[in-house]
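Encoded structure:
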């Protein structure tokens, strides 16, 4: 059994799906579960329309699953003063719930990794056909290797890269942060380029742009 606090609602995406659930009660109420379900359905709808990154839907799904698990676990823990046979049944049920939760978490992790890979490939392919970007040909945002978006509040946020001018306009610190989150190693023997021109070209390649800088 596990005690503590229920899970924290996921960070709300910026835009149409900003209906972030409030922090649930402890233990979660029926309304908390319904709110989590509604948020899950809303992010699923917005993700299908392409308004938000699929990562936000996966986070909403994970939150709903964790909140439901916490509620069920809490009810099992609260079942005191029961006969031994009932305690044995309770413990068996708790073990099965925990095992099912772990399976779901593994599947969600695999889904998130797969969706991140696909979205990165698609965004880079799109950017490669947009020339210098900007205006009607603005670049798509390429997710970092961990699946988060550079323009999300949780990351700063960093300035969006919608054209070559945006890459050139980054500060040295912003450029460094972008490249590290795209997988470049800043260690002394790492692969992070040293000069600003080289870093700008590395960032260009990281988002799939095919223009001279």
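Numbering (full-length UniProt numbering), first residue to last: 1 to 213. C-beta: ideal position from N, C-alpha, C; glycine also.
(1) Which residues mark the beginning and the end of the alpha helix (DSSP H) in which residue 9 is found?
(2) Where does residue 185 land, buried or exposed, given buried means 16+ other C-beta within 10 angstroms?
(3) Which residues does DSSP list as the beta-bridge partners of residue 163?
(4) Between residue 103 and residue 207, what straight-line distance do the alpha-carbon atoms span, to the nearest angstrom?
(5) Would you report the Cα separation of residue 177 and residue 95, rounded to the nearest angstrom?
(6) Quick check: the region 47–60 against the region 112–120, are at least 3 beta-carbon pairs closer than 8 Å?
(7) Indicate whether at least one CB of chain B lies closer than 9 Å to the CB of residue 136.
(8) Which runs of the alpha helix (DSSP H) fall wholly inside the region 50–121 and span at least 4 residues, in chain order?
(9) Please work out which residues of its chain come closer than 7 Å, Cβ to Cβ, to residue 210, disregarding the five sequence neighbours upstream and downstream, and give them in chain order.
(10) Give the straight-line distance between the Cα atoms of residue 274 and residue 157, rounded to the nearest whole angstrom.
(11) Might you give, ordered along the chain, the residues of its own chain that have their beta carbon closer than 6 Å to the beta carbon of residue 195, omitting 5 neighbours on each side?
(12) Excluding sequence positions up to five away, which residues of its chain have a Cβ less than 6 Å from the Cβ of residue 8?
(13) Give the secondary structure of residue 39 by DSSP, where H, G and I count as helix, E and B as strand, and everything else as coil.
(14) Compare the Cα-Cα distances from residue 46 to each of 34, 60, 33 and 35 and report the closest residue.
(15) Residue 172: buried (16+ other C-beta within 10 angstroms of its C-beta) or exposed?
(16) Among 109, 160 and 71, which has the Cα closest to the Cα of residue 28?
(17) Could you check whether residue 134 and residue 217 sit closer than 9 Å to each other, using their CB atoms as the reference points?
(18) Name the two residues that bound the continuous alpha helix (DSSP H) containing residue 217.
(19) Which word fits residue 19, buried or exposed, when buried means at least 16 other C-beta atoms lie within 10 angstroms of its C-beta?
Looking at the coordinates:
(1) Neither: residue 9 is in no alpha helix (DSSP H) and is coded neither H nor E.
(2) exposed
(3) 133
(4) 34 Å
(5) 43 Å
(6) yes
(7) In the structure shown, chain B cannot be found, because there is only a single protein chain.
(8) 54–77
(9) 128
(10) The chain is shown only over 1 to 213; residue 274 falls outside these bounds and no answer can be derived.
(11) none
(12) none
(13) helix
(14) 60
(15) exposed
(16) 71
(17) Coverage of the chain is limited to positions 1 through 213, which leaves residue 217 absent and any answer about it impossible.
(18) This structure cannot speak to residue 217, because the chain is shown only from 1 to 213.
(19) exposed
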